[in-house]
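Report on one structure; see the data block that follows.
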Amino acid sequence: MISVSSLTKVYGQTLAISKVSFEVPAGQIVGFLGPNGAGKSTTLRILTCYIPPTSGTASIAGHDIFHESEQVRQKLGYLPENCPLYPEMKVEEYLDFRGQLRLMDRPTRRRRIDYVVERCWLSSVRRRTISHLSKGFRQRVGLADALLHNPPVLILDEPTVGLDPAQIRETRKLIRELGGQHTIILSTHILPEVEAVCDRAIVIAGGRIVAQGTPDELRASRRMTARVLVECRAPARELESVLARVSGVKEVEILNNGEPSGSYATAALRAKDGYDVREEVARTIIQKGWPLREIRLEHATLEEFFVEVTANQAMAQAEGGVQ
Amino acid sequence: MTRAAVIARRELGSYFYSPIAYVAMTLFLIATGLAFGRDFRPGQVVAMRSLLEWMVFFMVGIIPILTMGLLAQEWSSGTIETLMTAPVGETEVVLGKFLGSLGFFLVLLCPTVLYAALMAIYSTPGFDFGPVVCGYLGMVLVGALFIAIGLFCSSLTRLQMVAAVVAASVLTLITVVPWVVTQRATLSPFWRGFMDQLVFRRYADFSKGMLDTGHVVFFLAMTGVFLFLTVKVLESRRWR
Numbered sequence: 000m001i002s003v004s005s006l007t008k009v010y011g012q013t014l015a016i017s018k019v020s021f022e023v024p025a026g027q028i029v030g031f032l033g034p035n036g037a038g039k040s041t042t043l044r045i046l047t048c049y050i051p052p053t054s055g056t057a058s059i060a061g062h063d064i065f066h067e068s069e070q071v072r073q074k075l076g077y078l079p080e081n082c083p084l085y086p087e088m089k090v091e092e093y094l095d096f097r098g099q100l101r102l103m104d105r106p107t108r109r110r111r112i113d114y115v116v117e118r119c120w121l122s123s124v125r126r127r128t129i130s131h132l133s134k135g136f137r138q139r140v141g142l143a144d145a146l147l148h149n150p151p152v153l154i155l156d157e158p159t160v161g162l163d164p165a166q167i168r169e170t171r172k173l174i175r176e177l178g179g180q181h182t183i184i185l186s187t188h189i190l191p192e193v194e195a196v197c198d199r200a201i202v203i204a205g206g207r208i209v210a211q212g213t214p215d216e217l218r219a220s221r222r223m224t225a226r227v228l229v230e231c232r233a234p235a236r237e238l239e240s241v242l243a244r245v246s247g248v249k250e251v252e253i254l255n256n257g258e259p260s261g262s263y264a265t266a267a268l269r270a271k272d273g274y275d276v277r278e279e280v281a282r283t284i285i286q287k288g289w290p291l292r293e294i295r296l297e298h299a300t301l302e303e304f305f306v307e308v309t310a311n312q313a314m315a316q317a318e319g320g321v322q
Numbered sequence: 000m001t002r003a004a005v006i007a008r009r010e011l012g013s014y015f016y017s018p019i020a021y022v023a024m025t026l027f028l029i030a031t032g033l034a035f036g037r038d039f040r041p042g043q044v045v046a047m048r049s050l051l052e053w054m055v056f057f058m059v060g061i062i063p064i065l066t067m068g069l070l071a072q073e074w075s076s077g078t079i080e081t082l083m084t085a086p087v088g089e090t091e092v093v094l095g096k097f098l099g100s101l102g103f104f105l106v107l108l109c110p111t112v113l114y115a116a117l118m119a120i121y122s123t124p125g126f127d128f129g130p131v132v133c134g135y136l137g138m139v140l141v142g143a144l145f146i147a148i149g150l151f152c153s154s155l156t157r158l159q160m161v162a163a164v165v166a167a168s169v170l171t172l173i174t175v176v177p178w179v180v181t182q183r184a185t186l187s188p189f190w191r192g193f194m195d196q197l198v199f200r201r202y203a204d205f206s207k208g209m210l211d212t213g214h215v216v217f218f219l220a221m222t223g224v225f226l227f228l229t230v231k232v233l234e235s236r237r238w239r
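If you read the sequences in order, they're chains A and B. So the first sequence is numbered by numbering that gives the first Met the number 0: it starts at 0 and just counts up by one. So the second sequence is numbered by numbering that gives the first Met the number 0: it starts at 0 and just counts up by one.
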């Protein structure tokens, strides 16, 4: 549905994005993840035909973004960062204006406005002036506008920024529901958002794509295997050597050596692939007679992954002097 | 071009929500009212000419207020992004903004027709409508040019005040300054001819009731030039 191949954008001397390529199949929700200033908005602005790329191509629903810009813009709904709206207009008036701009006839407009107002929970503010609305409602007006012409592709630039936790949850739920009927790209720098909403994540840092895949694949790709945390009252050094001998354990790291003696020590274990070492570890510790307080399997978070890849990118930039 | 009409209608509508437009309208009507009060006295010549000429000067101050936000506000609030990512062309946006603003300008002119009516009712001998109609035609042409210049200035910045000041300066330079200079100084034929090419001397012919196609073409062409430049500024985001 969306196909991007080696997009590059240079602003003056600054390289904003460099050779960005990815594909999004129809109906998928893709999270475009990266720290602030990584080139997320630039990429989305190119895809929405707001600015052209310096080089590279992209197509949306089979139309080239440069040569068939008008067809592309008909096929997509876009919610820009910070959701700009005309503050003096009423919600309904604004949506009607947007519908007219897309040359929708009056009955279609009326039907679609009713639908999006309902869908984005705007019924209570339908006749209110936009400047009097809270940030959450404005965001939904922007979303309603993006949905108005029932576009196959939705591009949402940081759709949950500035919302309160309840609104964030509602918005994510809405986006989740829209997936399937629409192909969606949403940008964010919030990791749990990707895990909560997206089928797939594309991680961008310093203008380059540094990783892409499902959240699970991303975790796996960096050998971020799950750790087992063990907390028991035992001498740290002895604990380490005992645990290292348990079959299936690859490495042991003592996180808290239990000083002063007699308090609890914490060890983190990494298992070899395909092993679940918890039962064996528990048995060993109990045989040793050490009071065991906790054994827990800790899933690697995407957060660690994100910090790692973006930090690597930042270091590479600092060393290589890439702009 | 349907889209240009849609944008024009939105723009015209938004003027009626904007306090600044009402302020501009009030100032314009107070100023024209005072100018009319000077002329509308027993023993004065029955003509709108000086009032119409004063109105052109007032427009130098008023039109930049009407046009300053047209594009500057779109840049600063970011709505330009929603606008340009809808299937709309730059020309349609510029034309829509221009027509919306011109529409509000026509609304602004309407109350001044009352002055002509008062003149017609109370003057003896009869009132000559020809120069007044011609004067208003010229006024619309001058207004169109001023709006196009204001729109162009508004496209260059995201600060409304900057757009207003730059537009007012340009309009002063092509309207008020040549008038003052030709009144006060003796000029060489070249400079006098040059000044005659600028807005005020051309408008003076309209207010006399003289419909010169040269002047009509001048105003239309210059309006077109500034609208074209504005389209280019909007497109320039693609080259940057």
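Think of the CB as a built atom: it goes at the ideal place given N, C-alpha and C, for glycine as much as any other residue. Here the structure is a predicted model, which is why all the values come from computation and not from measurement.
Whole-Å CB distance - residue i paired with residue j, under 8 Å assumed
i        : j        : result
A/Leu94  : B/Thr1   : The Cβ separation is near 18 Å, so there is no contact.
A/Ile64  : A/Leu46  : 6 Å
B/Val179 : B/Val55  : 13 Å between Cβ atoms; not a contact.
A/Thr42  : A/Val19  : 6 Å
A/Arg226 : A/Arg269 : 6 Å
B/Leu155 : B/Val230 : Not really, about 13 Å apart at Cβ, beyond 8 Å.
Minimum C-alpha distance to residue i - residue among the options
i        : options                                : result
B/Gly42  : B/Met118, B/Ala4, B/Met67              : B/Met118
A/Gly161 : A/Leu153, A/Ile184, A/Pro151, A/Ile189 : A/Ile189
A/Gln27  : A/Val193, A/Phe305, A/Leu217           : A/Val193
B/Val169 : B/Val59, B/Val230, B/Phe27, B/Val139   : B/Val59
A/Asp215 : A/Arg199, A/Ala204, A/Ile203, A/Gly205 : A/Arg199
A/Ser17  : A/Ala204, A/Ala143, A/Arg171           : A/Ala204
B/Phe217 : B/Pro188, B/Pro124, B/Leu197, B/Leu107 : B/Leu197
A/Asp272 : A/Leu153, A/Lys249, A/Ser5             : A/Lys249
A/Ser240 : A/Lys74, A/Ala267, A/Gly11             : A/Ala267
B/Ser17  : A/Met88, A/Leu146, A/Gly61             : A/Met88
Test: residue i CB closer than 8 Å to a CB of chain B
i        : result
A/Asn81  : yes
A/Gln322 : Summary for A/Gln322: the model assigns pLDDT 39, below 50, so the residue's position carries little reliability, and this model does not support an answer.
A/Gly319 : Residue placement at A/Gly319 is flagged as unreliable, the pLDDT there being 48, under the threshold of 50; a coordinate-derived value is accordingly withheld.
A/Ile1   : no
A/Gln73  : yes
A/Leu100 : yes
A/Phe96  : yes
A/Pro106 : no
A/Ile50  : yes
A/Glu69  : yes
The alpha helix (DSSP H) enclosing residue i, as first and last residue numbers
i        : result
B/Tyr135 : 128-154
B/Ala115 : 112-121
A/Ile64  : Taken as a continuous stretch (DSSP letters only), A/Ile64 belongs to no alpha helix (DSSP H), as it is neither H nor E.
A/Glu194 : 190-196
8 Å Cβ cutoff, residue i in contact with chain A
i        : result
B/Ala85  : yes
B/Val5   : yes
B/Glu80  : yes
B/Gly77  : yes
B/Tyr21  : no
B/Arg237 : yes
B/Tyr121 : no
B/Ser17  : yes
B/Arg157 : no
B/Thr181 : no
B/Leu233 : no
First and last residue of the uninterrupted beta strand (DSSP E) at residue i
i        : result
A/Ala210 : 207-212
A/Val9   : 1-10
A/Gly55  : 54-59
A/Leu32  : 28-32
A/Gly76  : 75-78
A/Ser186 : 182-187
A/Phe21  : 13-23
A/Thr265 : 264-270
Any chance the region 32-45 of chain B sits against the region 164-184 of chain B, with 3 or more Cβ pairs inside 8 Å?
no
So, does the region 71-89 of chain B touch the region 109-118 of chain B, judging by three or more C-beta pairs under 8 Å?
no
Any contact between the region 227-238 of chain A and the region 66-86 of chain A? By contact I mean 3 or more CB pairs, one from each, below 8 Å.
no
Do the region 50-65 of chain A and the region 82-96 of chain A touch if we need at least three Cβ pairs shorter than 8 Å?
no
Check whether the region 199-212 of chain A and the region 30-43 of chain A are in contact - that is, three or more C-beta pairs closer than 8 Å.
yes
Using 8 Å as the cut-off, can you tell me whether the region 140-157 of chain B makes contact with the region 117-131 of chain B, which would need three or more C-beta pairs spanning the two stretches below that distance?
no
For the region 87-106 of chain B and the region 9-17 of chain B, state whether three or more C-beta atom pairs, one from each stretch, are separated by less than 8 Å.
yes
Are the region 219-229 of chain B and the region 160-169 of chain B touching, with three or more C-beta to C-beta distances below 8 Å?
no
Inspect the CB distances between the region 205-224 of chain B and the region 67-76 of chain B and report whether three or more fall short of 8 Å.
no
For the pair the region 275-294 of chain A and the region 173-183 of chain A, tell me if three or more CB-CB distances fall below 8 Å.
no
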